[in-house]
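Working notes, beginning with the structure itself.
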Amino acid sequence: MEAARDLEYPSTAILLDSLAELLVAQDRPAEAEALFRRTLNIVETAQGAHVDTATALAALASHLHTQGKLAEAEPMYRRALAIEKLTRGPTDFQTLTTFHKLGALLKSQGRLAAAAQMYLQSLAIEKTALVRPHPWTATSLNSLAETLIAAGKLAGAERVYHRAVALDEALLGEQHPSTATTLHSLAISLQAQGKLAEAEPLYRRALAIEEVALGPNHACTATVLASLVTVLHMQGKLAEAEPLYGALALGAENPSTAPMLATLGDFLHEQGKLVEAELLYRRVVMITESTQGLNHPATATALDSLAEILVAQDKQAEAELLFRRELAIVETALGADAHTATVVARLATHLHVQGKLAEAEPLYRRSLALDHSALGHTSLSMVTTLHRFAELLKARGKLLQAEQVYVRSLSIEQAALGPPLPWTATTLNNLAEVLTAQGKLSEAEGVYHRALALDESLLGAWHASTATTLHRYADVVQAQGRLAEAEPLYRRSLAIEEAVLGPDHISTATVLASLARLLLIQRKIPEARPLFSRALVIQEAALGPEHPATATTRHNVHGVLKTARSQSDTFGSAILLSAPTLVTLGEFLQGQGDSAEAELLYRRALALMRAGPGPEYPSTSALLDSLAELLIAQGRLAEAEPVLRSALAVVETTLGPHAETATAIATLASNLHILGKLAEAELMYRRALAMETVVIGPKDLPTLTTFHKLATLLAFQGRLAPAARMFSHSLAIEQIALGPPHPWTATTLNCLAETLIAEGKLPEAEQVYRRALALDEALLGANQYSTATTLHRLAVILDRQGKHAEAEPLCRRALAIDTAALGANHACTTILLTSLANILHVQGKLAEAAPLYRRALVMQEAAFGLGNPETMKTRRNLARLLTVQGLPADAGRLHQFKQISTSL
Numbered sequence: 013m014e015a016a017r018d019l020e021y022p023s024t025a026i027l028l029d030s031l032a033e034l035l036v037a038q039d040r041p042a043e044a045e046a047l048f049r050r051t052l053n054i055v056e057t058a059q060g061a062h063v064d065t066a067t068a069l070a071a072l073a074s075h076l077h078t079q080g081k082l083a084e085a086e087p088m089y090r091r092a093l094a095i096e097k098l099t100r101g102p103t104d105f106q107t108l109t110t111f112h113k114l115g116a117l118l119k120s121q122g123r124l125a126a127a128a129q130m131y132l133q134s135l136a137i138e139k140t141a142l143v144r145p146h147p148w149t150a151t152s153l154n155s156l157a158e159t160l161i162a163a164g165k166l167a168g169a170e171r172v173y174h175r176a177v178a179l180d181e182a183l184l185g186e187q188h189p190s191t192a193t194t195l196h197s198l199a200i201s202l203q204a205q206g207k208l209a210e211a212e213p214l215y216r217r218a219l220a221i222e223e224v225a226l227g228p229n230h231a232c233t234a235t236v237l238a239s240l241v242t243v244l245h246m247q248g249k250l251a252e253a254e255p256l257y258g259a260l261a262l263g264a265e266n267p268s269t270a271p272m273l274a275t276l277g278d279f280l281h282e283q284g285k286l287v288e289a290e291l292l293y294r295r296v297v298m299i300t301e302s303t304q305g306l307n308h309p310a311t312a313t314a315l316d317s318l319a320e321i322l323v324a325q326d327k328q329a330e331a332e333l334l335f336r337r338e339l340a341i342v343e344t345a346l347g348a349d350a351h352t353a354t355v356v357a358r359l360a361t362h363l364h365v366q367g368k369l370a371e372a373e374p375l376y377r378r379s380l381a382l383d384h385s386a387l388g389h390t391s392l393s394m395v396t397t398l399h400r401f402a403e404l405l406k407a408r409g410k411l412l413q414a415e416q417v418y419v420r421s422l423s424i425e426q427a428a429l430g431p432p433l434p435w436t437a438t439t440l441n442n443l444a445e446v447l448t449a450q451g452k453l454s455e456a457e458g459v460y461h462r463a464l465a466l467d468e469s470l471l472g473a474w475h476a477s478t479a480t481t482l483h484r485y486a487d488v489v490q491a492q493g494r495l496a497e498a499e500p501l502y503r504r505s506l507a508i509e510e511a512v513l514g515p516d517h518i519s520t521a522t523v524l525a526s527l528a529r530l531l532l533i534q535r536k537i538p539e540a541r542p543l544f545s546r547a548l549v550i551q552e553a554a555l556g557p558e559h560p561a562t563a564t565t566r567h568n569v570h571g572v573l574k575t576a577r578s579q580s581d582t583f584g585s586a587i588l589l590s591a592p593t594l595v596t597l598g599e600f601l602q603g604q605g606d607s608a609e610a611e612l613l614y615r616r617a618l619a620l621m622r623a624g625p626g627p628e629y630p631s632t633s634a635l636l637d638s639l640a641e642l643l644i645a646q647g648r649l650a651e652a653e654p655v656l657r658s659a660l661a662v663v664e665t666t667l668g669p670h671a672e673t674a675t676a677i678a679t680l681a682s683n684l685h686i687l688g689k690l691a692e693a694e695l696m697y698r699r700a701l702a703m704e705t706v707v708i709g710p711k712d713l714p715t716l717t718t719f720h721k722l723a724t725l726l727a728f729q730g731r732l733a734p735a736a737r738m739f740s741h742s743l744a745i746e747q748i749a750l751g752p753p754h755p756w757t758a759t760t761l762n763c764l765a766e767t768l769i770a771e772g773k774l775p776e777a778e779q780v781y782r783r784a785l786a787l788d789e790a791l792l793g794a795n796q797y798s799t800a801t802t803l804h805r806l807a808v809i810l811d812r813q814g815k816h817a818e819a820e821p822l823c824r825r826a827l828a829i830d831t832a833a834l835g836a837n838h839a840c841t842t843i844l845l846t847s848l849a850n851i852l853h854v855q856g857k858l859a860e861a862a863p864l865y866r867r868a869l870v871m872q873e874a875a876f877g878l879g880n881p882e883t884m885k886t887r888r889n890l891a892r893l894l895t896v897q898g899l900p901a902d903a904g905r906l907h908q909f910k911q912i913s914t915s916l
């Protein structure tokens, strides 16, 4: 035909169009596009503004649209639409089809207002031209509603879906699958607005229709079932939701089912329902393998999710096999790709965490080589792997190699990041630690000096990271014997920690212990003692005596003690044979978990005291108390009890009814409490309370402390009502005796509120928290950190009662205070960000909740890492929100990112 003179005759166009469609079916899009364009040229030249020209324009536009060439497709659609309106008329099926395709293109470009306008224009034409309700109108309504959801106009989408449901029921009947689909969409729009009670019956109705019309194992049925399970979970109807898990897990093997099961698996994972989540993740793997193939990248992603849940259940061996299989799939599918490097690094990290360092090391090296090959030698994606690799090398004692890896990371950061960032300061600190471990103290000092200058420049002189660097810098200076230079560095670090993190933070305790150790080496025992005591209290409360940090400090103290003991009369004999000094060192060692050494020193001190003033000397009682506490810490409870009774006998015989006697009684009561002798402990608390009330007075803090301990004991026994009465009685005393608002009253109010919560009396607890809030504002001011804490607690109680609208402004106010007090990027701020986002989410304020989730996610990833449970929880919440907003692609990317980054 093409050999003929009239080569461009229209019949040639028909043949070319058919050939183009064949090429499309063979996945040869570039060749097909050329034929579509040639077809259009022939028809347009031969016939001008004709129906066939419009058809050719629409065919080319659709092909370009499919290839993602949206900018080229749009004018083609518009030309086709203009010709169709003239030649076919506005109500022709083909014209309406082009309206819809153009609307879909605009929506995919994010031009939602323009897309909605196209659908509205189509609806207006249909209303005028179509006499009776027509199925096409239902299609237009659904397309418009989807666009409104994407634009965040949920209320408008809800109204449109109501119209679509009514139309489907009138045209197709109440039991038609299309009616079920529209009901499902309407329920989703209601759920997104927080109208969970309205959404649930619609999901149930849609499910009933799908089960009858399509069968219980159809993919569409599984979709509705997953939505119903989700909304039941959101309402706290766990008993109704759990029986549906099995149906979900045994549903259809359809690709569309897998993402929903994965999302629900994430939801269950977050709630700690690991077994149920594992069941769903296994189903996702089976579906993906069946529908996509054993070696498809989607199967690798599903395997990663299953491996993650197995890790959470400590099924490390099976998880490792899945990580290895994931890697094999990715290697085959992608080859030497950046994503392959990520998966290799994830397997390396998994082996690293299990302690399989020899296996992990070559994988880290391989990941870095792949990253270098795929992205270049200055790729920032290598930095995280470099840091983990360096940690592994350090753990294996390969300190020189670890040093070289940190130097390499530092060079990448400097080349890729431009101006220095806080991450660079972290690298400098890690490098300095490795240098210190190698004994390269002078080099380490220089690196710490650089890190300190960077911290002060980027974060400020009063930032927690600056304090940490100062502390490490001081350690290196001290290790070089320059004690006088180290002391002011420690003191400056301590001042920052106390101001920024608080006097009772564990980091503050670490600096306290270091400064106290330095003072002890300098023989400044009186200055060291109170620092030891403070560090002891904080460390035991936060970490416990067996924490590795305690063991590290204990090891350092052994060196100090050995040095002291090796001295002659100039130092050792004069000091270590003094009972008070023995007690000081014993208290310090006890605080560091060295019970055996502390007990030895206490018993030596006790022997010295008894040889001096005599066993009835009051300070002997205090030492007996310390010895008893040490024995309790060792679990030697039976030995501790008689020691405390001896202490009480000493002070009671010597002093009679006295404040110290009351303290000894209260101390014995506390330890009986710990021993589980609650009946005797209660009697002792009441005896101490009676004595304190007489000899100290009802308003003194020791008296109020005993009130609190007795109330706590009652609460521990489950006697919540008497405990609440004790706290209320304490409040009454405080109001009379303490006069103006007092900080102790705020403490009592909080204890009372917690007891009421345990009783399930949330409204009463709410009122108590309101009183505590008023007191905080009066004592501390409306913009203090403690006020923010109480605001947050009150907001949580309101939220638990369903008073979301009341909780929201309180949470916002707490967030504003926290941000002002701690900074916008402080870790504590993320707690309030996620709380506020959750409150907004429940109310259906998705557009406001989304940026808060995003902000919290960025901060958590920076502060805690990609695989931190709180980071993962925020990422899952954001993914679900995006799904509800009708942004499944964005949600899917978040889900995939979570799969990739969890193990790093």
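All the letters of the sequence shown, read from the start, carry residue numbers 13 to 916 under the numbering used here. Note that beta-carbon positions come from the ideal geometry of N, C-alpha and C, so glycine has one too.
Can you list, in chain order, the residues of its chain with a C-beta nearer than 6 angstroms to that of residue i? Leave out the 5 residues immediately preceding and following it.
| i | result |
| --- | --- |
| E371 | L363 |
| E43 | L35 |
| A218 | A192, L195, H196, V236 |
| L822 | L803, L806, A807 |
| A68 | T51, L52, V55 |
Which class does residue i belong to by DSSP, given the choice of helix, strand or coil?
| i | result |
| --- | --- |
| I708 | coil |
| Q534 | coil |
| E771 | coil |
| N850 | helix |
| N307 | coil |
| E513 | Residue 513 is actually Leu in this sequence, not Glu. Three-state DSSP puts L513 in coil, outside helix and strand. |
| D788 | helix |
| M13 | For M13, the predicted model reports a pLDDT of 45, less than 50, meaning its position is unreliable; a value from the coordinates is still stated below. Correct three-state label for M13: coil. |
| K119 | helix |
| D349 | coil |
| P630 | Note that P630 scores 49 on pLDDT, short of 50, meaning its location in the model is unreliable and no value can be drawn from it. |
| G856 | coil |
| G879 | coil |
| G688 | coil |
| R494 | coil |
| D64 | helix |
Report the option in the options whose CA atom is closest to the CA atom of residue i.
| i | options | result |
| --- | --- | --- |
| D830 | L852, T799, E820 | T799 |
| H461 | A444, L183, R358, Q450 | A444 |
| S607 | R400, Y173, A645 | A645 |
| E664 | T632, N683, S682, K689 | T632 |
| T275 | R420, Y215, A891 | A891 |
| E660 | G647, A678, E651, L643 | Residue identity check: residue 660 is Leu in the sequence provided, not Glu. Of the candidates G647, A678, E651, L643, the one whose C-alpha sits nearest the C-alpha of L660 is A678. |
| R175 | A157, S317, V489, A862 | A157 |
| T300 | Q121, T313, K773 | T313 |
| A211 | A231, S239, E222 | S239 |
| I769 | T801, E789, A727 | A727 |
Going along the chain, which residues of its own chain have a beta-carbon closer than 7 angstroms to the beta-carbon of residue i, five neighbours each way excluded?
| i | result |
| --- | --- |
| Q872 | T842, N880, E882, T883, T886 |
| L649 | L687 |
Going by beta carbon distance, what residues of the same chain come within less than 8 angstroms of residue i, once the five residues before and after it are set aside?
| i | result |
| --- | --- |
| A345 | N307, H308, P309, A312 |
| V896 | I200, Q203, A204, L858 |
| G488 | Correcting the residue type first, residue 488 is Val in the shown sequence and not Gly. Cβ neighbours of V488 beyond the five flanking positions: A444, T448, L453, A456, E457, Y460. |
Subject >> Every unbroken alpha helix (DSSP H) inside the region 413-473 [4 residues or more] >> reply: 434-449, 453-470
Original post:
Counting Cβ pairs, one atom from each stretch, are 3 or more of them under 8 angstroms apart for the region 685-694 and the region 666-677?
Top reply: no
Subject >> Ordered list of alpha helix (DSSP H) runs contained in the region 146-207, each at least 4 residues >> reply: 147-162, 166-184, 189-204
**OP:** Indicate whether the contact test is met: 3 or more Cβ pairs, each with one atom in the region 143-151 and one in the region 124-131, closer than 8 angstroms.
**Re:** no
Subject >> the region 159-167 / the region 182-189 touching (three or more Cβ pairs under 8 angstroms) >> reply: no
Subject >> Segment contact, 8 angstroms Cβ cut-off, at least three pairs: the region 464-480 with the region 505-518 >> reply: yes
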